[in-house]
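Participant: Pasting a structure below so you can have a look.
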Ligand SMILES: Cc1cc2nc3c(=O)[nH]c(=O)nc-3n(C[C@H](O)[C@H](O)[C@H](O)COP(=O)(O)OP(=O)(O)OC[C@H]3O[C@@H](n4cnc5c(N)ncnc54)[C@H](O)[C@@H]3O)c2cc1C
Ligand SMILES: Cc1cc2nc3c(=O)[nH]c(=O)nc-3n(C[C@H](O)[C@H](O)[C@H](O)COP(=O)(O)OP(=O)(O)OC[C@H]3O[C@@H](n4cnc5c(N)ncnc54)[C@H](O)[C@@H]3O)c2cc1C
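Chains as they are written, first to last, in this note's numbering: chain F, 2 to 436; chain Z, 2 to 143; chain Y, 956 to 1559.
Shown next as structure tokens:
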């Protein structure tokens, strides 16, 4: 094997969600050279996979794609997609990141994104980019607005039939591609590794993910997306148009028994948003939100909540204790009504669980940056600069530093960019000059 | 206009599509390989507020059968432009009526970057209309 | 400022020699479109000098074809017919540039996403030919363009020296840019000067202020102007001139500052309840949360019970959402006052933080917390809520339309009683006797009508400044070169205020770092020979001051002509539509070009 390659930058951004992209753009616009390392085959993070976004209800793709495109075309930004981070360490003045490029089995320099391979491939797999509700091929472009538009082959499920190789007009398919490791060095790093939803399968009282027509909130985002799996909202088990839809809030948060005692911060608002979009898509459906406290705290959020109430969305202050399979695909929700009334049950056609927000990446053992008891990256100056970590020259932004909506993520990412720039400007390390 | 052999599709539809919303929306429809009538010609525009009333009337005069303005709607990046555009379109309607043109030949709508279905609906609707109405006929003006 | 429309462009007469390059896209296009037929049709167009095809136009051989033709002088305008422009427009523009030509003499025809992937057979080929003809017609009318370059002062002005303003100033100064920090009161610090310890982690507010204060005092780049307000603003992005008015012992002194960017950090103020709102103003033992926080700073803490106004507090009631989350039709307010429909965001945590402090320091004081929703959303905040429960704070929940009633009382020597229908206990009506009622008052924006009027900044119904777009451009105001930070935008806690401050500083640094600003060349351009000075364009323009009428001399006579300030023009073309003389165009997107395209389409 050839000597591992080393490439030099000013900043390495780990995670190409909206946080990472915003930090990268703000640094690149100041003339710094930035590497963005993303584990998925496309940049864009969770945001590009959402339907519409609160509080403005603009289409997620319409406001994410411009940022993705500016990052992809920026002369100071280099994207490394489909890459794993094997380690981030400080060596003297520099941060070293060891990276593995996972094989796409498609040469990204040759692929023209034409999808001929995808059409030819005989292997169908559930498309997790569509909530698992529709199928994709074993070789495919990750999703319609992915950047880069390069096909990826799922080696685990490929039958090696050779069809894709035959139809590819540019000979881009390469079944023998190997992982490649290389090193990035820089003066600073921004950790923007985002979040994951807490898995439904760990929630016994909510059916461990085995009850049909109980889905999580990101799956509902796909059902609501204009380019979603069914092109309209149908319940997955039988394709019926649901007449009654329920949201279970704090399904994985504010709940010590789940190890997630904190508030996940975005679920109230996205549940209200989804409820509003649903009442647009299914004007006759009843929509109920079971909640403990509605936390509509951001700019315009309270008004958004009041609008939802005025639209007839029902808010029930209750803690949902159990969810069971009902008759004919329905779902039975058993809840304790906190406004009196005690334990009650109600049947719904479709139930959405607002699962908790967990960190998207655990730095240990890859990176010596500390995390808090909530397992998100620790801020050493939470009041004056929430982005400062305990590793010199390393900053955190977005959901990696605690659950956050897009607006707060974007301002935090700008803040991380300016702290990184300050660090690079200063001869003195910042940790010593600020209390 | 001498109808040349454009596969029998003389009923041309002009689409003014905004570069931030509707134009990528049309591309997204293409990525999905959803076919639609080929008598549609998409022009990329920054903001359709640029076009004066006369532009639309001239288009009809030149033989364009239908025009769809695919804007960003409320998501318009130019504050105030959509409102001005809507007012202008009203004035074009008035002028069209005067000239005896069916005002349905001009449509203002909003298309997002992934609104494939809305895009197809608009195009198909306009196509049905222009197939029915045929090329624009101007009433003799006083 | 360099004019993008200098004479250089005028030399380019409009008989462009267009080269058309059609991509097979490895069958993606050529499977449905007869590429050779499209080329033949292009060759027949009078403006087209060469038409070629390639398997992959984006490949090096494809791009080299273009470069060679340009270098040989065979063509001077380029059309590539291939995939969507979002994928390769920049690729081909840079190929044109590599050949030494201006990158804007390039036009893209989209015959993959908008032809071969959606149409089949002859109609596909015909449509591709038509789109190529339209693109060639536009290309023939293209002119070289140059980015607009505006010189900029490497200096920024931050208005308001609360925590947000201080952090913005420090962050900008550390990038080597000079800063004027303008504060209307005697000293920096803002709201934090009145707070005790901060939720959720308990830092001393004074320490947080000092963290920045020292650096501001010592920084050579930051000039603080206390007792000062902005009196006048002139100019535009990169080139503002501000007049600062400072109140001093000898009266008022004016200073002029040349500055490249302005950051609004004017913060917020506490809501003051109206007379009689929850008995405020009628009873001395009804106070606001900021007033409570002040007394906490003064209490010695060596007693078992909290003392306020010289009275021992056995029972204390805290009422949330006072002056916030009001609902039209349910809540009323005094005339002229805003309804304040928004949530003030920080009060829940501040209440619980103060409550915990009191319960842990003065166990003799009981607390009843009456709320609508507890909004402890942030990191470390839910813990405050849990701790309050452990501290045996008694929570009671009320509905928006049934707020607690605060009344003077004489029962059991408690001066006050608070009655609420408690949602947590089956809406039972409960009456709590109290020594003190604390109203968790929300925040309202500082009155900035002066400066906001001067700069023409948009504010919402509630008076907070409105950003351009909450996600795309959250710290920018619609006036180019003016930004915002902190609670002048919306309620937020100090961590969040500091994040927006950092974000604003990043934008300012990127804008002013180079000493000049480079903008898109797609701006409006006036043909002075045609312009008759009707002013229609000025009225139609959507951006303040981007267009104006100026007087010039033509043949000894004074006439009015429209003038574009390129730095402010967004290039939307609102002016183009209304000019009776067709004397104004948007560079790169002219009406003439569109008309040529329509002609080509109509002729097909
Ligand atoms: C159902 C739902 C609906 C929502 N709706 C809204 C809404 O309407 N409005 C709103 O404001 N917010 C909404 N949000 C919140 C929004 O999704 C987040 O604010 C936002 O995605 C945070 O961006 P981020 O970049 O920090 O994280 P992410 O979007 O999670 O991006 C992180 C990126 O880092 C990558 N990554 C992770 N680990 C590694 C690693 N080790 N190496 C390399 N790359 C890595 C990930 O692949 C990902 O691309 C919603 C959230 C959910 C769950
Ligand atoms: C009761 C209460 C308790 C709080 N508790 C906490 C807490 O525990 N933890 C926490 O994190 N946050 C808390 N906050 C929020 C915190 O106070 C704010 O986030 C923070 O003060 C915002 O800072 P700022 O710079 O945006 O505004 P401000 O602090 O309001 O500063 C604005 C500054 O601008 C100046 N100014 C205004 N107009 C002009 C003008 N025209 N020209 C020049 N100068 C001008 C003002 O004089 C002021 O100095 C609390 C808020 C309140 C009201």
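We put the beta carbon where it would ideally sit given N, CA and C, even for glycine. Note that the coordinates shown come from a computational prediction; the quantities given were computed from them, not determined experimentally.
To the nearest angstrom, how far is the alpha carbon of residue 81 of chain F from that of residue 164 of chain F?
Facilitator: About 28 Å.
Participant: Are the C-beta of residue 275 of chain F and some C-beta of chain Y separated by less than 7 Å?
Facilitator: No, residue 275 of chain F lies away from the interface with chain Y (no Cβ there is under 7 Å from its Cβ).
Participant: What three-state label does DSSP hand residue 972 of chain Y in the structure shown?
Facilitator: Three-state result, residue 972 of chain Y: coil.
Participant: So which residues on chain Z does residue 228 of chain F lean against when the C-beta distance must stay under 8 Å?
Facilitator: Correct list: 29, 33, 115, 117.
Participant: Mind pulling the chain Z residues with CB within less than 8 Å of residue 1319 of chain Y?
Facilitator: The premise fails here: residue 1319 of chain Y is roughly 57 Å from chain Z at the closest Cβ pair, so nothing lies under 8 Å.
Participant: Can you check DSSP and say which residues form a bridge with residue 1121 of chain Y?
Facilitator: Answer is none; residue 1121 of chain Y lacks a bridge partner.
Participant: Under DSSP, the alpha helix (DSSP H) around residue 1304 of chain Y begins and ends at which residues?
Facilitator: Segment 1302-1316, the alpha helix (DSSP H) holding residue 1304 of chain Y.
Participant: Does the CB of residue 14 of chain Z have a neighbour CB from chain B at under 7 Å?
Facilitator: Among the chains of the structure shown, chain B does not appear; the protein chains present are F, Z and Y.
Participant: Flag this pair as yes or no: are the beta carbons of residue 1336 of chain Y and residue 1058 of chain Y separated by less than 7 Å?
Facilitator: Their beta carbons are not under 7 Å apart, which means residue 1336 of chain Y does not touch residue 1058 of chain Y by this criterion.
Participant: So residue 1133 of chain Y and residue 1110 of chain Y are in contact, right, with Cβ under 8 Å, and what is the actual spacing, rounded?
Facilitator: Rounded, the Cβ-Cβ distance is 4 Å, consistent with contact.
Participant: Using 10 angstroms around the beta-carbon of residue 172 of chain F, count the other beta-carbons present and answer buried if the total reaches 16, otherwise exposed.
Facilitator: Flag for residue 172 of chain F reads exposed.
Participant: Beta-carbon within less than 8 Å of residue 1353 of chain Y's beta-carbon, same chain only, minus the 5 sequence neighbours each way: which residues are those?
Facilitator: Taken in chain order, the residues that qualify are 1325, 1326, 1327, 1359, 1375, 1376, 1377, 1378.
Participant: Taking the alpha helix (DSSP H) that residue 1449 of chain Y falls in, what are its first and last residues?
Facilitator: Segment 1449-1467, the alpha helix (DSSP H) holding residue 1449 of chain Y.
Participant: Of all Cβ atoms in chain Y, is any one closer than 7 Å to the Cβ of residue 137 of chain Z?
Facilitator: Answer no: the Cβ-Cβ gap between residue 137 of chain Z and chain Y never drops below 7 Å.
Participant: Taking C-beta pairs closer than 7 Å, name the residues in chain Y that residue 199 of chain F reaches, listed in chain order.
Facilitator: Those do not exist, as residue 199 of chain F stays about 15 Å from chain Y at its closest Cβ, beyond 7 Å.
Participant: Considering only residues of the same chain and omitting the five flanking positions on each side of residue 971 of chain Y, which have a CB-CB separation below 8 Å?
Facilitator: If we look at residue 971 of chain Y and ignore the five residues flanking it on each side, its Cβ neighbours are 1002, 1031, 1032, 1060, 1094, 1095, 1096, 1097.
Participant: List the whole-angstrom C-beta distance separating residue 1102 of chain Y from residue 1474 of chain Y, where the pair is believed to meet the contact cut-off of C-beta under 8 Å.
Facilitator: At roughly 6 Å, the Cβ-Cβ gap stays under 8 Å, so residue 1102 of chain Y and residue 1474 of chain Y are in contact.
Participant: Under three-state DSSP, which class holds residue 271 of chain F?
Facilitator: It is helical.
Participant: Give me the Cα-Cα distance between residue 1561 of chain Y and residue 1147 of chain Y, rounded to the nearest whole angstrom.
Facilitator: Coverage of chain Y is limited to positions 956 through 1559, which leaves residue 1561 of chain Y absent and any answer about it impossible.
Participant: Would you say residue 267 of chain F touches ligand 1, meaning its beta carbon is less than 6 Å from a heavy atom?
Facilitator: Under cutoff, so the answer is yes.
Participant: Since residue 101 of chain F and residue 85 of chain F should fall inside the 8 Å C-beta cutoff, what is the C-beta to C-beta distance between them, to a whole number of angstroms?
Facilitator: That belief holds up - the Cβ atoms of residue 101 of chain F and residue 85 of chain F are roughly 5 Å apart, short of 8 Å.
Participant: Looking only at its own chain, which residues have a Cβ that is under 7 Å from the Cβ of residue 1315 of chain Y, when we skip the five neighbours before and after it?
Facilitator: Once the five neighbours on either side are set aside, the close Cβ partners of residue 1315 of chain Y are 1346.
Participant: Of all the options Y:1245, Y:1235, Y:1107, which has the alpha carbon lying nearest to the alpha carbon of residue 1193 of chain Y?
Facilitator: It is Y:1107.
Participant: Would you identify the three-state DSSP class for residue 1286 of chain Y, choosing helix, strand or coil?
Facilitator: Strand at residue 1286 of chain Y.
Participant: Return the CA-CA distance between residue 1251 of chain Y and residue 1228 of chain Y, expressed in angstroms with no decimal places.
Facilitator: Taking the straight line from one Cα to the other gives about 21 Å.
Participant: Taking 7 Å as the threshold (beta carbon to beta carbon), is residue 1453 of chain Y in contact with chain F?
Facilitator: Yes - at least one Cβ of chain F is within 7 Å of the one on residue 1453 of chain Y.
Participant: Can a CB atom of chain Z be found closer than 7 Å to the CB of residue 145 of chain F?
Facilitator: Closer than 7 Å: yes.
Participant: Taking the straight line between their C-alpha atoms, what separation do you get for residue 105 of chain Z and residue 131 of chain Z?
Facilitator: Going from the Cα of residue 105 of chain Z to the Cα of residue 131 of chain Z covers about 9 Å.
Participant: Report the residue from F:16, F:167, F:394 whose alpha carbon sits nearest the alpha carbon of residue 369 of chain F.
Facilitator: Among F:16, F:167, F:394, the Cα nearest to that of residue 369 of chain F belongs to F:394.
Participant: Mind pulling the alpha helix (DSSP H) runs of 4 or more residues that sit fully within the stretch 361-430 of chain F?
Facilitator: With a minimum length of 4 residues, the continuous alpha helix (DSSP H) runs that stay inside the stretch 361-430 of chain F are 407-426.
Participant: If contact is defined by three or more beta carbon pairs under 8 Å, each pair taking one atom from either stretch, is the stretch 1039-1056 of chain Y in contact with the stretch 1517-1531 of chain Y?
Facilitator: The stretch 1517-1531 of chain Y vs the stretch 1039-1056 of chain Y: no contact.
Participant: Quick one: list the residues of chain Y neighbouring residue 52 of chain Z, beta-carbon separation under 9 Å, in chain order.
Facilitator: Result: 1528, 1531, 1532, 1546, 1549.
Participant: Run through chain Y and tell me which residues come within less than 9 Å of residue 56 of chain Z, C-beta to C-beta.
Facilitator: Ordered by position in chain Y, the residues that pass the 9 Å Cβ test against residue 56 of chain Z are 1532, 1546, 1549, 1550, 1553.
Participant: Look at the alpha carbon of residue 279 of chain F and the alpha carbon of residue 324 of chain F, and state the distance between them as a whole number of angstroms.
Facilitator: Taking the straight line from one Cα to the other gives about 21 Å.
Participant: Hey, out of Z:12, Z:46, Z:95, whose CA is closest to residue 1526 of chain Y's CA?
Facilitator: Comparing Cα-Cα distances from residue 1526 of chain Y to each of Z:12, Z:46, Z:95, the minimum goes to Z:46.
Participant: How would you label residue 6 of chain Z, buried or exposed, when you count the other beta carbons within 10 angstroms and need 16 or more for buried?
Facilitator: Because residue 6 of chain Z carries a pLDDT of 37, less than 50, the predicted location of this residue cannot be relied on, and no value is offered for it.
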